[in-house]
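Below is one structure, written out as structure tokens; the observations come after it.
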Amino acid sequence: MGAPRNYQTHAVVIKETRIGEVDKILTIYTPELGKLKAVARGACRPGSKLGGNVEPLTYSLLMLAKGRNLDIVTQSQTADAFPALKSDLWRMACGLYILELVDSFTVENNENGPLFDLLLNALNWLCQSDNNETVLRYFELHLLDCLGYRPQLQRCVICNSPIKPVVNFFGFGQGGILCSNCGQKDPAAHSISVEVLKVLRLWQRCDYATARRVVLKSELALELEQVMQGYIKYLLQREVKSIAWLDELRKTQFDNSHVRG
Amino acid sequence: MATTEPVAKLVEAFSKLPGIGPKGAQRLTYYLLRSPVEEARALAEAILALGEKIRLCSVCFNITDCDPCLICQDKERDHSKICVVERPSDIPPLEQTGKYSGVYHVLHGTISPAQGIGSRELKMKELLLRLQDGQVTEVILATNPNVEGEATAMYLRQMIQPLDIRISRLARGLPFGADLEYADAMTLRQAIEDRQEF
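Same order as they appear, the protein sequences are chains A and B.
Take any residue in the first sequence, count from 1 to its spot, add 2: that is its number in the working numbering.
Take any residue in the second sequence, count from 1 to its spot, add 72: that is its number in the working numbering.
Written as structure tokens, this is what we have:
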């Protein structure tokens, strides 16, 4: 007997591409199959039964039929529409950044259960948290963990010496911390303060409930962001496009209560 | 058998259009070949006119062959209301309702962070300039009710709020002919929140 023609899966919709007048190609992230692309026929029609269930930033239960090239979404039901994300500009921007990171770092049909759990948790944390910068940094750090890019933060990745409590460096190419001696010899290394290193070490091993209790001053939050985004840019070999939108929103400072602190 | 050059050229041109494959392109070409030459000329002139005569209205950025466009020129329309839409193709369905007599503003897209489209890529600054003269009393945000449309509407709301102008959003809820059983959670939520006296 061959593989079943229809199957059911939970999925977070991470991207949509419109094709033709009313169809969409969805990029979804599932717990059992990893990233998939699937066709949602007629999803752009006002009366479509798929409609809002297959919008990005939605967690849905999907029924799919095996297709020749792409599988086809036949039924859908929203499990969580994350209304708190979709009704707040800053939270939505953070959510879209998370989706872009997942899409950029993953390949199709490569199962990664921990990454799926992290993605779903991060979207829920964004809905509940007032300090979304912490959610973003914690997500970035643990995303790299799930993908095998966990930065080495305990000892110098070049000379293996213990890290002293002085200004050290983060080597993007080396994937971890460089002591002050080794770091000074590498012009591409990014300096990292003792405080930021401590926060990264703590966040790397603690759960989110502990991580969110850390209160960061704006300078430290900025340094943390620069280190993480520098490493991500190095790994992807390109900019994450959503960062420009996050920066634009921060500059406009429409809603200061949400932005950085 | 080699195809005659003008025929091959037209087949190639047609097949570049969205939704038209090589066979469809061939069918259209042979249809034109059989049609009276006036019909082909009218089609060619209409296509040429697109490039030569059509431009964007300097006020609302809708596509037009005269500047300002007919809607912006119309003194009968209510110029104190501006309906903001994503694309020029969103205007005809709104006009067909016969319920709106204000003017429009076309953004030419929506905010799409993953594609690197922010507010600067859209006609947002131009909209704010239109609102400066104090004539406008209401802005109707008619972007699509999806993630990008919502992001665009929320961003516009925050930009317009300090100007003390009424901001409204097209109502969201169940479309006519829909089935409650199959409605998604977000739509039903909106439908319940925005329910009306009956």
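Cβ atoms here follow ideal geometry from the backbone N, Cα and C, with glycine treated the same way.
Bear in mind that the values here come from a model prediction, so they are computed numbers and not experimental data.
Own chain partners of residue i with C-beta closer than 6 Å, once the 5 adjacent residues on each side are dropped
i                     : result
residue 261 (chain A) : Below a pLDDT of 50, predicted positions are generally treated as unreliable, and residue 261 (chain A), at 45, falls in that range; the measurement from the model is reported next regardless. Contacts found: 252.
residue 86 (chain A)  : 129
residue 197 (chain A) : 222
residue 235 (chain B) : 203
Identity of the residue in the options nearest residue i by Cα
i                     : options                    : result
residue 39 (chain A)  : A:27, A:242, A:196, A:218  : A:27
residue 222 (chain A) : A:25, A:132, A:202         : A:202
residue 116 (chain A) : A:237, A:214, A:33, A:233  : A:33
residue 49 (chain A)  : B:269, B:268, B:255        : B:255
residue 176 (chain A) : A:191, A:182, A:167, A:35  : A:191
residue 247 (chain A) : B:186, B:109, B:211, B:113 : B:186
residue 202 (chain B) : B:257, B:98, B:237         : B:237
residue 113 (chain A) : A:149, A:135, A:95         : A:149
residue 189 (chain A) : A:206, A:111, A:200, A:174 : A:174
residue 61 (chain A)  : A:31, A:71, A:35, A:45     : A:31
residue 171 (chain B) : B:161, B:150, B:102, B:96  : B:150
residue 132 (chain A) : A:163, A:142, A:155, A:96  : A:96
residue 152 (chain B) : B:162, B:175, B:231, B:80  : B:175
residue 45 (chain A)  : A:35, A:63, A:23           : A:23
residue 231 (chain A) : A:165, A:216, A:14, A:138  : A:138
residue 252 (chain B) : A:163, A:52, A:20, A:12    : A:52
residue 160 (chain A) : A:244, A:136, A:239, A:185 : A:185
residue 230 (chain B) : B:125, B:191, B:167        : B:191
residue 213 (chain A) : A:118, A:14, A:102, A:124  : A:124
residue 210 (chain A) : A:13, A:142, A:102         : A:142
Neighbourhood of residue i by C-beta distance below 7 Å, restricted to the same chain and skipping five residues each side
i                     : result
residue 195 (chain A) : 169, 225
residue 152 (chain A) : 146
residue 129 (chain B) : 136, 139, 140, 141, 144
residue 29 (chain A)  : 16, 17, 37, 39, 105
residue 245 (chain B) : 259, 262, 263, 266
residue 74 (chain A)  : 40, 41, 43, 66, 67
residue 243 (chain B) : 266
residue 160 (chain B) : 134, 135, 178
residue 178 (chain A) : 153, 154, 155, 159
residue 215 (chain A) : none
N- and C-terminal bounds of the alpha helix (DSSP H) containing residue i
i                     : result
residue 184 (chain A) : 182-187
residue 129 (chain A) : 115-130
residue 106 (chain A) : 91-107
residue 244 (chain A) : 244-254
residue 228 (chain A) : 220-238
The beta strand (DSSP E) enclosing residue i, as first and last residue numbers
i                     : result
residue 75 (chain A)  : 73-82
residue 151 (chain B) : 150-157
residue 210 (chain A) : No beta strand (DSSP E) contains residue 210 (chain A), which is instead part of the alpha helix (DSSP H) from 210-213.
residue 211 (chain B) : 210-213
residue 137 (chain A) : No beta strand (DSSP E) holds residue 137 (chain A); the alpha helix (DSSP H) holding it covers 134-149.
residue 253 (chain B) : Neither: residue 253 (chain B) is in no beta strand (DSSP E) and is coded neither H nor E.
residue 172 (chain A) : 170-173
Counted within 10 angstroms of its Cβ, other Cβ atoms place residue i as buried (16 or more) or exposed
i                     : result
residue 80 (chain A)  : buried
residue 351 (chain A) : An answer regarding residue 351 (chain A) cannot be provided, because it is not within the stretch 3 to 263 covered by chain A.
residue 109 (chain A) : exposed
residue 205 (chain B) : exposed
residue 93 (chain A)  : buried
residue 113 (chain B) : exposed
residue 195 (chain B) : buried
residue 242 (chain A) : buried
residue 121 (chain A) : buried
residue 172 (chain A) : buried
residue 99 (chain A)  : buried
residue 135 (chain A) : buried
residue 90 (chain B)  : exposed
residue 121 (chain B) : exposed
residue 238 (chain A) : exposed
residue 248 (chain B) : exposed
Residues near residue i by beta carbon distance below 8 Å, same chain, minus five either side
i                     : result
residue 221 (chain B) : 158, 182, 215
residue 54 (chain A)  : 60, 80, 83
residue 94 (chain B)  : 83, 87
residue 166 (chain A) : 181, 182
Closer than 7 Å to chain D by CB, residue i
i                     : result
residue 259 (chain B) : The chain labelled as chain D is not found among the protein chains of the depicted structure, namely A and B.
Interfacial residues, the region 75-92 of chain A to chain B, with Cβ spacing under 7 Å: Those residues of the region 75-92 of chain A placed with their C-beta closer than 7 Å to a C-beta in chain B are 80, 83, 85, 88, 91, ordered along the chain.
Proximal residues, the region 127-156 of chain A versus chain B, C-beta separation under 7 Å: So nothing in the stretch comes that close.
Residues within the region 207-222 of chain B neighbouring chain A, beta-carbon criterion of under 8 Å: Across the region 207-222 of chain B, CB contacts with chain A closer than 8 Å involve 218, 219, 222, in sequence order along the chain.
Residues of the region 215-249 of chain A with Cβ closer than 7 Å to any Cβ of chain B, in chain order: Correct list: 243, 244, 246, 247.
The region 166-200 of chain B: positions lying closer than 9 Å to chain A by Cβ: Taking 9 Å as the Cβ-Cβ cut-off against chain A, the residues of the region 166-200 of chain B that qualify are 183, 184, 185, 186, 187, 188, 189, 190, 191, 192.
Residues of the region 98-116 of chain B whose Cβ lies closer than 9 Å to any Cβ of chain A, in chain order: Considering only beta carbons, no part of the region 98-116 of chain B lies closer than 9 Å to chain A.
Near-chain A residues of the region 236-267 of chain B - C-beta to any C-beta below 7 Å: Within the region 236-267 of chain B, the residues whose Cβ lies closer than 7 Å to any Cβ of chain A are, in chain order, 247, 249, 250, 254, 256, 257, 258, 259, 261.
Contact residues within the region 75-95 of chain B, judged by C-beta distance below 7 Å to chain A: With the criterion set as a beta carbon lying under 7 Å from some beta carbon of chain A, the members of the region 75-95 of chain B are 91, in sequence order.
Chain B contacts made by the region 38-58 of chain A, where a contact means CB separation under 7 Å: Contact residues of the region 38-58 of chain A toward chain B are 48, 49, 51, 53, 54, 55, 57, 58 (C-beta to C-beta distance below 7 Å).
Chain B contacts from the region 91-122 of chain A (Cβ-Cβ distance under 8 Å): Within the region 91-122 of chain A, the qualifying residues are 91, 94, 95, 98, 99, 101, 102, 105.
Where the region 5-33 of chain A meets chain B: residues whose CB sits under 9 Å from a CB there: Residues of the region 5-33 of chain A that bring their beta carbon within less than 9 Å of a beta carbon in chain B comprise 17, 18, 22, 23, in sequence order.
Residues of the region 224-235 of chain B with Cβ closer than 7 Å to any Cβ of chain A, in chain order: Answer in chain order: 226, 227, 230.
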